[in-house]
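Inspection log for the structure reproduced underneath, given as structure tokens.
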Amino acid sequence: MAGIPDLIPSIPQTQALTSKTFSRPPLDASLSLPEILDWHAEHSKEHRLFVFAQDNGEIRNILWPEAVRAIHTGARIVRKVMGWKPGMKDVPTVAILAASDSLSYLTFAMSVLRAGYTVFPISPRNSPAAVAHLLNKVGVGHIFIGHEQSLVDLAHESLKLLASQYPEASRPDTSPIPLFEDLYLDREDSSDIPFERRGLYGVVVYMHSSGSTNFPKPIPWTNRRMIEFAISPYFGERDLTDMLFSWHAVPMYHGMGLIQAAWAAASGIVGSVFEPKSPAQMPTPQSHFEAAVATNCDLIFCVPAVVEAWARKPDYVKWLATRTGVLFGGGPLSKEVGDYLTSQGVGVYLGYGLTEGGVPNPLLPAKAEKEWEYFTIAKNTTAEMVPQGDGVYEFVIVANTYNYPTVINTKIGGVDAYATSDLFIPHPHKPGYWRIYGRSDDQIMHSTGEKTNPGPLEAILNQDPHVHSSVIFGRGQFQAGVIIEPKPEYKFDPSDQAKLAEFRNKIWPTVQRMNEFAPQHSRLFKEMITVSKPSKPFQYTVKNTPRRAFIINEYAEEIKELYDAVADSTQSTIPPPTEWELMATIDFVRQVVTKVLNQGIQDDEDIFQRGCDSLQATWIRNSLLRALHDSADIDTRHLVDNFVYDYPTVASMGSFIYALATGTTGDSPVSTERRVAVMNAMVEKYTASGFPAYNGATSSRGDTVLVTGTTGALGTYLLAELVANDAVSRVYAVNRSSSSSSLDMKGRQEKALLERGLKASDILSSKKVTLLEADLSIPGFGIPKELYEEMKSSVTHIIHNAWPVDFNLALSSFEKSIRGVKNLVDFSLTSPRFPPPTLIFTSSIGVFQNTECISSDSLPEKPIPPEVAVRSGYTESKWVSEEILLRASRETPLRSIIVRVGQLCGGLNGAWNTSEWFPALVQSAPVCECFPGDERIVDWIPLQLAARALIDFRESYGPEASTVTHLVHPRPTSWSSLSKVIASELGVELVPYAAWLARLEQAGKVGEANQSNDAEVEAMRDIPALRLLPFFRSVSTHAKGSITGLGIRQLDSEVSRRLSKTLADPDVPQLGEKDVKGWLEYWRGVGFLSA
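Set out below in structure tokens:
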């Protein structure tokens, strides 16, 4: 870097001009980026770094000190894994091959830097061959891999190729990437992590070029280069400090993702992200918009595909017009979309950046321009525009003290420079303004921001014996297509669809071979292949290569027609069902999904967790809609959104398509009849072959209880009560393994107990307790055989409390849980104990969905017909499980107790999930300035009381082989006794339910009244009850004639009082003022209610 000083000269003071929370750090490269992060922990303690909306509607802010502590925690993990030693030379490079949530990914990438290693984010969209090439090229020492099976498989295949194709390369070790809990919830002190800084020109980051080139190339970033990236906002024309950027759709493994950390450290921008989860939430246009609205983002930073999807939604556009604007990057935005958005008052800004050359345009300009596609060159960049003819110029970045390109491939006036291959056109009237024209190297930029380099892919296609030459296209489009020039003996007129289909099939093996080589976003689908017309043969250069630009321009109309046809429908080689029966429809959907994903998948598996991307989701959608249109004569044009995201399993998608094909709804008699048939079939599947013969003879001494689901709300109290019960000598606490947490079983259990206000240390130190991770759906539970036999020989009672709660899934998605019930039945009946272990199953009062056929005033503690439970897969699965237990108890000595659990309310510390309906109702009161009064009763039961009753049930022995009971409060209280306390505490009036509902609805209409979509969105965010309006309206309808509060039908509970001494106690406390104040205190403590 001859002539360039080590330290960066002073920069314009354009950032942090008015912020009271962000302190501007030294930005002359005297501190490296990791040191600046540590600096902010002391100097910007009250400044936000991340913001996200939680599932319960609450907003979570991550301030700099918390983030830096997490970075230090991650650094400690990295050093432990890597065997860090002070003073190490030539430290290894640490690669990240993951698709983690943005917050966790960016935090961990910074952790690697803070640990003193070089970090190498590798795109998980690369092929195994490309990943192997990158690992070899850089000499990676360790890979942190995402937890998803598709990423584990990608790493495995990549390492196999590394060993076979690069035998001289050392094999890197691997570890699972830490999750949010590992980084942010770890209690171990990580403050003492001495930092060993490498020199200004030491490589600290590797990024790589597009995976659609022959092979991606690693690009090194030094300490100084990171600071050069960081100062880019200072050469913009706005103060970005405190501005909330939407990062929801920014791929953090991409350069544009990693640079966010540098911008945040230098200028104090704040990033809004999705709530950390594993697997990470896949951003869709809808989920991205909802998350951006929920956190009140100022600027949307995304790829063009997101902008184009939002532009089709008028309400989205109205909201965008109230924001600073949209900053798009990574690819070209449709001019029609950009023009439309600016005409609606939306600020549209281009974020033009290069991994090799930095960010050469101002971030952001002083104001939004109508000619949004034109921009100037920022003052930290020295530009040379090299004429290419026809008014087109290649943009060359000349090195200077603020921006020294990472890659140097030319010189201008004797000075190092980087020729970008980007072609610009000047503004016809405004000197200094430019717009992007294209690429000199023919690289295709898609609307997703991903790139396809056609050359290597065309070379593969051209090897086919039927192909003379090929031209791949797709600039500005979602996916790539190809025009094939057949060899003379195979030429035909492509207007003949039969011959076109035949030709596609002939070359398909070669296309499949090309797809194996290509990155996922560059792969070709059969329907995107067309051929040249005899009337428009390809033209060639003197080198006998196709004249790409000429051919694409010549076939512009045909290309447009091809994309239009694919957008409307997709031809499939899989015949649709001859009759749209439910099972036939699911089978059809399964075939389509299998074909598109090119892998088998279970009906209840989430296709996105198996690697399905947005392109494949679109193809699945179009294939299914084409079949509906052609076979069932259904008009599908109203289905604008991609329903694949809403129904991500074969089962749920099949049910949705079946409903469309038959024109039925969940409430129609036909739909109920079919669902009942599926429910009965599921029962038959697990009972038709009978049950194990019981031969137990050994008598029992003391109670040994197998309890499931002890990390849930009720389960934590079950565990606590079992430990405290002197008659119980041993407890096996069984839970599913968790892919969303890297805490071990003990850590997960401890966290759950503490959250519910229970003494975790006393409970977990008890010699009674054995914590297990098991899969009940597998015979033997997936645990060591010795342990399984030990449990079988000692367990006297089973309390099966674990069950997934998701009201969106179909019954088939719960089959794994239903199989677990059957396996517990078998476990009991093969016990050597006499009598066999009693099986207590926690069902739900939710099975009472359609009670019109029940003539009694209250709902009986008896078996019910399946029609009553039809509504969602959750309630149907509970009914199926009840029926399996009832049959088992009729046919064998098994004693089962089916407990339909009623409304549970807060525990000892008042903890009551804020996402439920009653907390939402309470939270609405201050806004509506009222709370509903009601003189009828409520039978809600606190968690600790419910747990004691369930444990009592195990001691019940009666003449019945099975018992059905309802777990509700034995001494109901009046709604008014609770509502008066709430009204007093919140300072609001009590009104009839209908009056409260009217005020809630009015609050939801505030945006409409003010002609402001933003106001309406704000209301939805501030009042979670608005999201449950359909539920609250249905309550109003059902309330007439009911004797329980808010129209919830009364449940019989005579059997439960008979079986439980806890519930039979005439002095059991009613819910009252103390309970209500405990709930309110908890909700205030978590920020759900104002203090």
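If you use numbering that gives the first Met the number 0, the sequence shown corresponds to residues 0 to 1090, in order. Where is the CB? At the ideal position from N, CA and C, for every residue including glycine.
- Message: One question on the structure: do residue 443 and residue 479 come within less than 8 Å of each other, judged by their Cβ atoms?
- Response: yes
Item to complete: Determine which residues share a DSSP beta bridge with residue 220 and list them.
Response: Note: residue 220 sits in a beta bridge opposite 204.
**Message:** Less than 8 Å between the C-beta atoms of residue 756 and residue 623, yes or no?
**Reply:** no
Inset, instruction - Taking residue 801 and residue 872 to be in contact with their CB atoms under 8 Å, please state how far apart those CB atoms are, rounded to whole angstroms. - result: So it is not a contact: roughly 16 Å between Cβ atoms.
**Asked** Quick one: what's got a C-beta closer than 7 Å to residue 160's C-beta in the same chain, skipping five residues either side?
**Response** Within the same chain, Cβ atoms closer than 7 Å to the Cβ of residue 160 are found at 127, 128 and 131, the five residues on either side in sequence being excluded.
Stretch-stretch touch, CB-based, cutoff 8 Å, three pairs: the region 243-251 with the region 262-278: yes
Mind checking who residue 732 pairs with in its DSSP beta bridge? Residue pairing for residue 732: DSSP places it in a beta bridge opposite 706 and 770.
### Query
Are residue 771 and residue 939 touching if we call contact CB-CB under 8 Å?
no
Quiz item: Nearest CA to the CA of residue 831: which residue from 611, 1001 and 698?
Solution: Per the Cα distances, 698.
Candidates 181, 412, 502 and 314, of which the one nearest residue 463 by Cα: 502
Boundaries (first-last residue) of the beta strand (DSSP E) holding residue 796
796-799
Exercise. Take residue 599 and list the residues in its own chain whose beta-carbon comes closer than 8 Å to its own, dropping the five residues that flank it on each side.
Key: 593
Please state whether the Cβ-Cβ distance between residue 481 and residue 558 is less than 8 Å. no
Q: Tell me, please, whether the region 529-540 touches the region 488-495 by the rule of three or more beta-carbon pairs shorter than 8 Å.
A: The count of Cβ pairs closer than 8 Å, one atom from the region 529-540 and one from the region 488-495, reaches three, so the stretches are in contact.
Meets three-Cβ-pair contact criterion under 8 Å: the region 280-291 and the region 353-366: No, they do not touch.
### Straight-line gap, residue 122 to residue 736 (C-alpha atoms, nearest Å)
Between residue 122 and residue 736, the C-alpha separation is close to 28 Å.
Could you have a look at residue 822 and say whether DSSP puts it in helix, strand or coil? helix
key: Inter-residue spacing [alpha-carbon to alpha-carbon] between residue 684 and residue 883   = 10 Å
CA-CA distance, residue 467 and residue 610? The straight-line gap from Cα to Cα measures roughly 34 Å.
Residue from 383, 390, 387 and 406 with nearest C-alpha to residue 397:
383
Item to check | Local Cβ density within 10 Å of residue 180, reported as buried at 16 or more and exposed below that | outcome: buried
- Is residue 1075 helix, strand or coil by DSSP? helix
> Count the other CB atoms within 10 Å of the CB of residue 606; is the residue buried (16 or more) or exposed (fewer)?
Replying inline: buried
**Study point:** Minimum length 4: unbroken alpha helix (DSSP H) runs contained in the region 213-300
**Key:** 222-229, 254-266 and 284-293
message: Could you tell me which whole alpha helix (DSSP H) segments of length 4 or greater appear in the region 595-655?
response: With a minimum length of 4 residues, the unbroken runs of alpha helix (DSSP H) contained wholly in the region 595-655 fall at 613-630.
Hey, which unbroken runs of the beta strand (DSSP E) at 3 residues or more fall wholly within the region 340-365? 347-349
| message | Assuming the contact rule is C-beta atoms closer than 8 Å, residue 457 and residue 520 should be a hit. Round their C-beta distance to whole Å, please. | response | About 16 Å; that fails the 8 Å criterion.
Q. Considering only C-alpha positions, which residue in the set 936, 921 and 937 is nearest to residue 986?
A. When each option's Cα is compared against that of residue 986, the closest is 921.
What does DSSP give as the partner residue(s) for residue 904 in the beta ladder? 941
Self-check item: Cβ-based burial, residue 700 [other Cβ within 10 Å; buried from 16]
Solution: It is exposed - the Cβ of residue 700 has fewer than 16 other Cβ atoms within 10 Å.
Problem set entry | CB contact flag (residue 892, residue 836, <8 Å) | no
Given residue 184 as reference, the closest of 72, 79, 1053 and 120 once Cα atoms are compared
72
From residue 141 to residue 94, what distance separates their C-alpha atoms? CA-to-CA, the gap between residue 141 and residue 94 works out to about 6 Å.
* Which listed residue (413, 429, 472 and 407) has its alpha carbon closest to that of residue 438 -> 472
Express the C-alpha separation of residue 156 and residue 595 in angstroms, rounding to a whole number. 21 Å
Check: Beta-carbon separation of residue 80 and residue 174 under 8 Å?
Finding: Cβ distance < 8 Å, so residue 80 and residue 174 count as in contact.
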